[in-house]
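Take a look at the structure set out below.
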Amino acid sequence: MNSRTTGARCPGRAVPDRSPRPSEAPSVPAPTPSPQADASPPPPSRRAKIGHVDPSVAPSYAQRRSRSGTGAGAVRARPIRRRLRLEGLPPISTSIAPSDSADHPGDSGRPGAAPDGPAAHDDPAVPTGSTDRRRFLTYLLAAPTLTVAARLGLDAAAPASAQAAVRAAAAAQDASAPPQLLGLPGIPDVLDLGDAMILAGLPTAHLLVLEITPAGRAALHLPRLEVGQGLTTAIAMLVADELDAELTDVDVPLSDGRPELLFNQLTGGSNSVRSLYDPVRAAAAAARARLVTAAAHRWNVPASGLRTAGSAVLAPDGRRLGFGELAADAASVVVPAVPATPKPADQRRLVGRPTGRIDARDIVTGRAEYAGDLQIPGAAPTVVARPTTVNGTLKSLDASVARAMPGVLAVVQIPSGVAVLAETFDQALKARDALRTTWTPGPVADLSDADVRAKLRAAHAPFLLPPLLTPYLDGEFDFAFVNHAPMEVLTAVADVRPGRAELWFAAQSPIIAQQTIAAELGLPQSAVTVHVVRGGGSFGRRLFFDAALEAAQISKAAGRPVKLMWTRNDDMRHGRMRPASHHRIRATYGLGQVLTWEHRAATVRTDLSHGLGEALTGAGFNLSVAGISLAQAFFLLTEKNPYNVGIPTQLLAELPLQLHTGSWRSVYSGTVRVADEIMMDELARRMGQDEVAFRRARLRDAAGRALLDTVAKAGDWGRPMPAGQAQGVGYHEENGGRVAYLVELDATDRANPRVTKAVIAADVGQVVNPRGLEAQLTGALSDGISVILLAGNHLDNGTFREGSYADFHYARQRNTPPAVEIHLMPPSGAPGGAGELGVPAASAAVANAYARATGTSPRSFPINF
Numbered sequence: 002m003n004s005r006t007t008g009a010r011c012p013g014r015a016v017p018d019r020s021p022r023p024s025e026a027p028s029v030p031a032p033t034p035s036p037q038a039d040a041s042p043p044p045p046s047r048r049a050k051i052g053h054v055d056p057s058v059a060p061s062y063a064q065r066r067s068r069s070g071t072g073a074g075a076v077r078a079r080p081i082r083r084r085l086r087l088e089g090l091p092p093i094s095t096s097i098a099p100s101d102s103a104d105h106p107g108d109s110g111r112p113g114a115a116p117d118g119p120a121a122h123d124d125p126a127v128p129t130g131s132t133d134r135r136r137f138l139t140y141l142l143a144a145p146t147l148t149v150a151a152r153l154g155l156d157a158a159a160p161a162s163a164q165a166a167v168r169a170a171a172a173a174q175d176a177s178a179p180p181q182l183l184g185l186p187g188i189p190d191v192l193d194l195g196d197a198m199i200l201a202g203l204p205t206a207h208l209l210v211l212e213i214t215p216a217g218r219a220a221l222h223l224p225r226l227e228v229g230q231g232l233t234t235a236i237a238m239l240v241a242d243e244l245d246a247e248l249t250d251v252d253v254p255l256s257d258g259r260p261e262l263l264f265n266q267l268t269g270g271s272n273s274v275r276s277l278y279d280p281v282r283a284a285a286a287a288a289r290a291r292l293v294t295a296a297a298h299r300w301n302v303p304a305s306g307l308r309t310a311g312s313a314v315l316a317p318d319g320r321r322l323g324f325g326e327l328a329a330d331a332a333s334v335v336v337p338a339v340p341a342t343p344k345p346a347d348q349r350r351l352v353g354r355p356t357g358r359i360d361a362r363d364i365v366t367g368r369a370e371y372a373g374d375l376q377i378p379g380a381a382p383t384v385v386a387r388p389t390t391v392n393g394t395l396k397s398l399d400a401s402v403a404r405a406m407p408g409v410l411a412v413v414q415i416p417s418g419v420a421v422l423a424e425t426f427d428q429a430l431k432a433r434d435a436l437r438t439t440w441t442p443g444p445v446a447d448l449s450d451a452d453v454r455a456k457l458r459a460a461h462a463p464f465l466l467p468p469l470l471t472p473y474l475d476g477e478f479d480f481a482f483v484n485h486a487p488m489e490v491l492t493a494v495a496d497v498r499p500g501r502a503e504l505w506f507a508a509q510s511p512i513i514a515q516q517t518i519a520a521e522l523g524l525p526q527s528a529v530t531v532h533v534v535r536g537g538g539s540f541g542r543r544l545f546f547d548a549a550l551e552a553a554q555i556s557k558a559a560g561r562p563v564k565l566m567w568t569r570n571d572d573m574r575h576g577r578m579r580p581a582s583h584h585r586i587r588a589t590y591g592l593g594q595v596l597t598w599e600h601r602a603a604t605v606r607t608d609l610s611h612g613l614g615e616a617l618t619g620a621g622f623n624l625s626v627a628g629i630s631l632a633q634a635f636f637l638l639t640e641k642n643p644y645n646v647g648i649p650t651q652l653l654a655e656l657p658l659q660l661h662t663g664s665w666r667s668v669y670s671g672t673v674r675v676a677d678e679i680m681m682d683e684l685a686r687r688m689g690q691d692e693v694a695f696r697r698a699r700l701r702d703a704a705g706r707a708l709l710d711t712v713a714k715a716g717d718w719g720r721p722m723p724a725g726q727a728q729g730v731g732y733h734e735e736n737g738g739r740v741a742y743l744v745e746l747d748a749t750d751r752a753n754p755r756v757t758k759a760v761i762a763a764d765v766g767q768v769v770n771p772r773g774l775e776a777q778l779t780g781a782l783s784d785g786i787s788v789i790l791l792a793g794n795h796l797d798n799g800t801f802r803e804g805s806y807a808d809f810h811y812a813r814q815r816n817t818p819p820a821v822e823i824h825l826m827p828p829s830g831a832p833g834g835a836g837e838l839g840v841p842a843a844s845a846a847v848a849n850a851y852a853r854a855t856g857t858s859p860r861s862f863p864i865n866f
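Residue numbers (this note's numbering): 2 to 866.
The structure is reproduced here in structure tokens:
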């Protein structure tokens with residue numbers, strides 16, 4: 002499937018002229034085109050049995066959906082309901098589906114049209130017991146069964162993705178011998194970060210909740226965060242397909258923080274669709290089976306003669322019962338009369354079809370609610386005065402003028418600064434600026450960019466192999482700090498009362514947030530409620546909950562609810578960053594072969610205290626026994642060189658500076674793989690080979706070769722271009738997906754280089770929503786353009802220089818190419834991760850195009866910094 006699209010992260014102000022950093026390198030010859038390749042088969046389907054009823058209590062989605070807001074101290078109805086659980090799993094097909102251009106049997110050709118449901122058994126089951134409830138829940142698995150499946154690798158009791166993760170974990174035990182711990186690539190080929198996260202989540206995957214309301218709506222309560230990546234749309238498509246519901250009848254509300262989910266409520270690692278694909282389909286298929294059974298009982302007919310379509314069960318004689326009409330009866334069904342089997346690929350009508358976002362109209366009309374939109378009664382607009390250096394502390398405070406200003410409600414001190422509460426944000430900001438403060442410098446007040454670079458260079462371990470008489474190529478690369486800069490600034494609402502606390506914010510790790518805030522307030526975790534609210538962008542930023550923690554501290558000190566907003570300046574100068582890093586690479590070669598590849602990465606320490614460590618421990622990784630840090634484990638599970646380059650080694654060194662860092666989209670790969678790809682280009686030229694052909698000959702993966710062939714052909718690789726313009730290519734594979742980017746760049750004005758065209762080819766297995774994937778790949782292109790050419794953060798004596806989009810030069814509309822061509826490969830198995838996949842390849846393609854256009858090899862990024 003091909004599509005053409007254009008886009009940018011955001012429009013903005015003009016970027017001032019800046020001169021490029023000087024760098025030297027050999028001149029770059031023009032390349033020539035190259036050939037084609039193939040793909041791989043899917044895992045088999047699985048089967049299991051049905052189980053028991055477990056009475057418990059849960060809030061009604063129908064009631065929650067009807068509430069316009071939740072006030073402090075509001076009373077919530079909590080009706081009693083039974084939760085239906087399925088022991089084991091029905092068969093799940095992950096076979097290769099036809100390409101997007103192929104006809105799908107049963108497809109009506111319009112969104113929302115439903116084909117017949119799967120064939121059913123003859124015997125209708127009589128619903129057991131009576132109930133007056135108007136809805137029912139379906140759960141995926143019984144915990145004991147799933148736990149055994151996770152530990153013993155019982156193929157019959159786990160979904161396809163879990164089976165793959167279990168097998169990968171078993172193989173990884175052999176692969177995790179000491180040589181692998183040195184960083185030899187290959188571990189992600191056996192077990193990657195996504196596999197580890199799926200393993201950690203297996204014991205609680207059965208707690209996924211799907212509810213059918215009396216109005217006939219299906220509500221999948223999503224234990225993940227929507228931050229603009231289109232996840233709620235993808236999940237709604239899965240539910241609608243399996244349930245035979247109209248897409249417009251499906252809601253995907255975000256779950257509150259649920260401690261019982263353990264490691265299964267962390268949004269990150271490009272893992273959401275990958276980990277939820279099987280559980281969501283199985284839950285929807287289970288609900289469909291119960292609805293059919295309830296209809297068969299109501300009509301006293303064999304269930305095998307019924308079908309589902311358009312959010313209803315249909316009889317051969319034309320009778321119809323909507324799902325809402327059947328919800329109460331279906332809640333009583335323990336053993337369905339038809340198989341609860343997810344559909345094979347050829348019966349899906351939505352999955353794999355380009356689909357608009359279910360929340361698009363709400364977003365553009367302002368109906369979608371973010372934390373700043375919430376009207377929580379009594380929540381006072383609040384801002385914080387912060388230190389002049391990172392992690393500085395308050396030395397003195399005179400708030401007399403601020404307290405006397407109009408609308409000011411309170412001034413309170415918290416560990417990170419001084420909070421001002423007022424009737425409006427404008428009043429709060431003016432009062433904050435009127436505070437008279439002095440600050441003690443923070444622990445890095447004597448450091449600037451040059452000092453950090455020097456420390457990073459000194460942190461490297463030496464290369465293992467001296468070149469001796471072997472030809473070799475060395476390269477060193479610097480990458481600056483980069484702010485996440487999501488469009489929506491951090492905002493959190495907190496209402497802390499004696500004995501309890503309630504918070505509303507966009508949380509990628511709500512369980513860790515709940516634990517941390519409870520400990521800070523001296524409350525039990527059960528006394529803290531975290532309401533997860535959609536976020537306006539994240540790129541890893543909302544894995545941390547700095548604003549929510551501060552809001553809780555302020556609410557407790559002030560004795561009232563607060564709505565805390567971090568300004569753009571707050572987040573730019575005191576928020577999280579992609580750590581600065583330095584990379585050394587040495588490649589030896591001879592007789593047309595690459596003999597060794599050594600990569601030394603030194604980074605300012607990445608803060609990974611957002612729940613990943615606990616998840617890896619839950620997946621069975623004993624880091625203390627392995628003798629590695631959490632960061633090194635993350636590095637090992639994500640970083641690999643996809644090429645045959647002789648004997649490869651990769652080592653990570655961390656510099657422990659007291660700076661606020663965090664996972665930035667693609668984490669280590671965003672620098673490690675970019676440096677690798679630049680070196681691949683330079684090594685190809687050193688060895689007298691075409692850059693695409695050089696990669697293609699060494700890629701270990703046939704699917705990867707097919708992607709290179711696709712972009713080379715579609716982008717007319719090697720075509721003559723005017724002086725100062727050139728093509729560049731980048732390739733990356735991670736999290737079960739792979740992608741290639743080819744860009745064309747005009748560097749005739751070196752102070753303002755412009756990417757003029759991009760051709761992208763991606764293979765991520767089964768694509769749920771091609772339109773969503775295209776958006777991810779286009780966004781990754783904007784990220785790559787930004788961090789290679791324009792965007793970074795300067796550290797000046799312990800203070801970050803950039804304070805807003807005015808001087809943090811992220812790509813604007815004018816920086817993005819007018820033509821973007823995207824090719825998605827036909828489905829080739831279960832979904833892989835796509836959220837971060839494109840950033841390393843896009844960044845590398847831009848860097849390589851700049852090098853070929855200018856005849857230089859830049860060594861410090863962003864280039865115009």
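Virtual Cβ for every residue (Gly too), placed ideally from N, Cα, C.
In this text, all values refer to a predicted model and were calculated from it rather than measured experimentally.
Distance CB(residue i)-CB(residue j) smaller than 8 Å
i      : j      : result
Thr390 : Ala446 : yes
Ala369 : Arg535 : yes
Ile415 : Ala519 : no
Ala854 : Leu746 : yes
Val712 : Ser256 : no
Ala235 : Gly647 : no
Gln716 : Gln726 : Rather than Gln, the amino acid found at residue 716 in this sequence is Gly. Not in contact: Gly716 and Gln726 (Cβ atoms no closer than 8 Å).
Leu322 : Ala313 : yes
Glu615 : Phe324 : no
Leu617 : Ala634 : yes
Asp764 : Arg739 : yes
Ile377 : Pro580 : no
Thr492 : Lys564 : yes
8 Å contact criterion, which residue i and residue j should meet: CB distance rounded
i      : j      : result
His611 : Ile513 : 6 Å
Ala654 : His461 : 6 Å
Ala341 : Ala290 : 4 Å
Arg577 : Thr662 : 6 Å
Val494 : Ala676 : 42 Å between Cβ atoms; not a contact.
Gln874 : His583 : Past the boundaries of the shown model lies residue 874; the chain is included only from 2 to 866, so the question cannot be answered.
Gly538 : Gly319 : About 49 Å; that fails the 8 Å criterion.
Cross-strand partners of residue i (DSSP beta bridge)
i      : result
Pro382 : Lys564
Ser397 : Thr439
Gln230 : Answer is none; Gln230 lacks a bridge partner.
Ala654 : Ala603
Phe636 : Paired residue(s): none; Phe636 is not in a bridge.
Chain-order list of residues whose beta-carbon lies under 7 Å from that of residue i (same chain, five-residue window excluded)
i      : result
Pro525 : Ala519
Asp374 : none
Glu734 : Pro643, Asp702, Gly705
Phe540 : His485, Pro487, Trp665, Arg666
Lys456 : Leu656
Ala792 : Val483, Phe809, His810, Tyr811, Pro863
Sequence-distant residues of its chain with Cβ nearer than 8 Å to residue i (five each side left out)
i      : result
Glu692 : Pro32, Met681, Asp682, Ala685, Arg686, Val730, Asn849
Asn272 : Leu194, Gly195, Met198, Ile199, Asn736, Gly834
Cβ-based neighbour list, residue i, same chain, cut-off 6 Å, excluding 5 preceding and 5 following
i      : result
Glu424 : Gly408
Evaluate contact between the region 401-412 and the region 353-360, counting only Cβ atoms and requiring at least three cross-stretch pairs below 8 Å.
Cβ pair count under 8 Å is below three, so no.
Can you find at least 3 beta carbon pairs, one from the region 428-448 and one from the region 579-588, that sit closer than 8 Å?
In this structure the region 428-448 does not lie against the region 579-588, because fewer than three pairs of beta carbons, one per stretch, are closer than 8 Å.
For the structure I just gave you, are there three or more beta carbon pairs, one from the region 471-481 and one from the region 859-866, closer than 8 Å?
The region 471-481 makes contact with the region 859-866: 3 or more CB pairs, one atom from each, lie closer than 8 Å.
Stretch-stretch touch, CB-based, cutoff 8 Å, three pairs: the region 543-552 with the region 496-510
Verdict: yes, contact present.
Please determine if the region 778-790 and the region 803-821 are in contact, where contact requires at least 3 C-beta pairs separated by less than 8 Å.
In short, these stretches touch, since the Cβ pair count reaches three.
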